[in-house]
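See below:
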């Protein structure tokens, strides 16, 4: 924990939460503290901070990362606070008539990020990250590990930038700039790593969960994804089924990883079995 600087939360105001933690705005300085949920791996937080710095240094439009922090119980990172910002999902929530406009804008921003070449000497490979994860003992059921590792060998390692957790809650605008946030999973690789997770999130069916995380209904999430995917891929809605099939193995492989780093335990055998068919789509 020696790399973490201790902060006093009395100097901050609660700002919001995501799937892995909470955010706090500094009362006096233009800084935003993001603290992971209790139990989050401190070494993984260091790794994610390094990835965020690599993204900023590479020219990805993202708030400047400042330092690793702790409140004594939780670990996290502190970033530049963007004034007068709104996430894309917040805009849609507050102005639902703009759903199509914002979804098209999101597609444009995603394509721009995926068009950026990555410095592979500094940026981690998403494929290698998944290979290292699945090679560990006790992080996924053994039968899923046996299926995934050979398929990972076949997945391309495209040297373009990936967000790592791409979705409309992780992009903000201050009215002049669109900025990617929560970019600690920044990596390089096939764009399907990003696109498949966008699709998985759009499939959430629990209204309470989509409202808590994205301020949107499941119906709005699905409509957003359809507009976004058609624009990103340049296909009509009737061809989205073929697009989704290309996502399936990436979504399955990444889902087990995200589950583990979020809940600090392997997913159940039953859940893992449901991923097997998706993996076989490769």
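Numbering (this note's numbering), first residue to last: 219 to 500. Beta carbons are placed, not taken as given, at the ideal position from N, Cα and C, and that holds for glycine. Computed from a predicted structure; not experimentally measured.
Asked: Proximity below 8 Å, CB of residue 404 to CB of residue 272; Found: yes
Asked: Endpoints, alpha helix (DSSP H) assigned at residue 442; Found: 436 to 451
Asked: Reference residue 293, options 257, 379, 275, closest by Cα; Found: 257
Asked: Close-in-space but distant-in-sequence residues of the same chain around residue 259 (CB under 8 Å, 5 per side omitted); Found: 479, 482
Asked: Distance cut-off 7 Å: residue 267 Cβ against heavy atoms of the ligand NAP; Found: Ligands in the displayed structure: none, and consequently the ligand NAP is not present.
Asked: Given residue 409 as reference, the closest of 356, 466, 427, 307 once Cα atoms are compared; Found: 466
Asked: Extent of the continuous beta strand (DSSP E) to which residue 396 belongs; Found: 396 to 398
Asked: Under the three-state DSSP convention, the category residue 304 falls into; Found: strand
Asked: Nearest-angstrom beta carbon gap, residue 307 and residue 386 [assumed within contact, 8 Å]; Found: 4 Å
Asked: Supposed close pair residue 279, residue 397 - CB separation, criterion 8 Å; Found: 5 Å
Asked: Closest residue to residue 345 among 226, 319, 377, 228 (Cα-Cα distance); Found: 377
Asked: Identity of the residues DSSP links to residue 251 by a beta bridge; Found: 242, 296
Asked: Where residue 413 falls, given that 16 or more other Cβ within 10 Å makes a residue buried; Found: buried
Asked: Under 8 Å between C-beta atoms of residue 329 and residue 468; Found: no
Asked: Beta-carbon contacts of residue 192 that lie in its chain and below 7 Å, excluding the five residues immediately before and after; Found: Limits of the chain in this structure are 219 at one end and 500 at the other, which puts residue 192 out of reach.
Asked: Residue 283 - partner residues in DSSP beta bridges; Found: 297
Asked: Residue interval of the alpha helix (DSSP H) (run including residue 321); Found: 317 to 332
Asked: Same chain, Cβ closer than 8 Å to residue 343, neighbours up to 5 away in sequence not counted; Found: 375, 405, 406, 407
Asked: First and last residue of the uninterrupted alpha helix (DSSP H) at residue 473; Found: 458 to 481
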